[in-house]
Amino acid sequence: MNIDLSQRIYVAGHEGLVGSAIVRALYRAGATDIVTRTHAELDLRDQTSVRAFFSAESIDQVYLAAATVGGIHANQTFPAKFIHSNLTIQTNVIHEAWRHGVERLLFLGSSCIYPRLAPQPIPEDALLTGSLEPTNEPYAVAKIAGIKMCESYNRQFGTSFRSVMPTNLYGPGDNYHAQNSHVIPALLQRFEAAATDGAPEVAVWGTGKAQREFLYVDDLAEACLYVMGMSDEAWRAAVRPTCSHINVGYGSDLSIAELAHILADVVGFGGKIVFDPTKPDGTPRKLLDSNLIRGLGWRPQVPLHQGLRETYHSYRRSRAQALRLAPARALDLPSVMRRQAYSMGVARHAYSDMRSPS
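Using our numbering, the first residue of the sequence shown is number 1311, and each one after it goes up by one.
Next up, the structure:
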């Protein structure tokens, strides 16, 4: 790995699912000067504040994991928020990183950038070859703009701004909002509530036929460091100037119905699972072609079943701690849970600290 771990490394979005995993990975690798800011300390949508931050902090590397994210419900309900927030965050950070001489930047995209009916598995060059999935088009357009912004600065200014496109992610530190979470945290909560209450069935959005690929977030974090650690020569040889993003996937997918039954088993829910076909499925299938990064030497390490068990264990542990701390801190429970999920084991090895009891 060719990363100078003594440099000042800014992780934007360090409290989120991806950002917290990157912080853990950097600490494991031996980084000594990681810079973070909460949203209250630095609003990345405010250009003046972002410019002042880069002027004051002398940042050498940036991991741009900050984003406004959510599931199908959130994307359909808040399309303006998703496109505006993400465009302004990435524009401000990428531009100010260039203005202040940042050596390397990694932009975190999403597999939703690809056309709804892209070939499967989806290769990097499928980008902009067809119509996007309508349910998350605003978010996807913003992420595409971020990729192209990095490429444009590289082409015009010779920067080394890189992009990775992760598949669907899960793991410690996820968003467990009742309406705006992604499928795995949403189903974990739903199955646990049903098991606790003795409910006879749980409803799942859609037909259950949609196929999805899932990657444990700490595996993604290791991939991010792997890509950032490539020499400029090796990275430029692996990508093209106008197609420089790199897919990061698990390598196989499963149906939402299969996922639901696995999660029910993990949680211990023995009731009936019913599917609601009046709700949208989203893209029929979304499996990434990750041959490029695998050819460069990276491989995922956490099998799906193990990762789901560890995720559920982390969720239960963070919730138990949040319940104890919430009255004393007078904070809303979801906020406490997110903070606790991030704070647990930030500087520890993810695959031991997050492992569920055998």
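Built from N, CA and C at the ideal position, the CB exists for glycine as well.
Just mark residue i as buried or exposed, buried being the case when its beta carbon has 16 or more other beta carbons within 10 Å.
i, result
"R1648", "Caution is warranted here: a pLDDT of 46 is assigned to R1648, below 50, making its placement in the model unreliable, and the coordinate value is therefore given only provisionally. It counts as buried."
"E1543", "exposed"
"H1492", "buried"
"E1406", "buried"
"L1573", "buried"
"G1419", "buried"
"K1519", "exposed"
"E1523", "buried"
"Q1400", "buried"
"P1476", "buried"
"R1550", "exposed"
"H1555", "buried"
"A1638", "Note on A1638: pLDDT 47, under 50, position unreliable in the model; the coordinate value appears next. It counts as exposed."
"G1620", "Gly is not the amino acid found at residue 1620; the sequence shown has Glu there. Under this definition E1620 is a buried residue."
"D1314", "exposed"
"D1599", "buried"
"G1617", "buried"
"T1421", "Inspection of the sequence shows that residue 1421 is occupied by Ser rather than by Thr. Buried is the call here."
"S1330", "buried"
"N1312", "exposed"
"T1341", "Looking at the sequence itself, residue 1341 is Ala, so the reference to Thr does not match. Looking at its Cβ environment, which holds 16 or more other Cβ atoms inside 10 Å, A1341 is buried."
"L1336", "buried"
Helix or strand or just coil, what does DSSP make of residue i?
i, result
"R1648", "Note that R1648 has pLDDT 46, beneath the 50 cutoff, so the model's placement of it is unreliable and no number is given."
"V1403", "helix"
"V1345", "strand"
"Q1521", "strand"
"H1623", "helix"
"S1316", "coil"
"S1668", "Any answer about S1668 is weak, because its pLDDT of 41 lies below 50 and its placement is not dependable; what the coordinates show is given next. Note: S1668 maps to coil in three-state DSSP."
"R1609", "coil"
"V1379", "coil"
For the alpha helix (DSSP H) that contains residue i, what are its first and last residues?
i, result
"D1529", "V1527 to M1538"
"S1359", "Q1357 to E1367"
Between which two residues does the beta strand (DSSP E) holding residue i run?
i, result
"R1546", "Note, R1546: premise wrong, no beta strand (DSSP E); alpha helix (DSSP H) at D1542 to A1548."
"H1492", "No beta strand (DSSP E) contains H1492, which DSSP labels as neither H nor E."
"V1372", "Q1371 to L1374"
"L1479", "N1478 to Y1480"
"A1335", "That residue, A1335, is in no beta strand (DSSP E); its alpha helix (DSSP H) goes L1327 to A1339."
"V1512", "E1511 to W1515"
"N1557", "H1555 to V1558"
"A1322", "I1319 to A1322"
Beta strand (DSSP E) runs wholly inside the region 1387-1466, at least 3 long, in chain order
1414-1418
Does the region 1383-1399 touch the region 1426-1440, meaning 3 or more C-beta pairs lie closer than 8 Å?
no
What are the start and end residues of each continuous beta strand (DSSP E) run of 3 or more residues lying completely inside the region 1561-1606, in chain order?
1582-1586
At a cut of 8 Å, does the region 1433-1453 reach the region 1562-1582 through at least three beta carbon pairs?
no
Within 8 Å, do at least three Cβ pairs link the region 1406-1421 to the region 1453-1473?
yes
For the region 1584-1593 and the region 1544-1562, state whether three or more C-beta atom pairs, one from each stretch, are separated by less than 8 Å.
no
Just checking, does the region 1321-1332 make contact with the region 1361-1373 on the three C-beta pairs under 8 Å criterion?
yes
Would the region 1454-1468 and the region 1602-1620 be scored as touching if the rule is three or more Cβ pairs under 8 Å?
no
Pair every Cβ in the region 1524-1535 with every Cβ in the region 1556-1567, then say whether three or more of these pairs are closer than 8 Å.
yes
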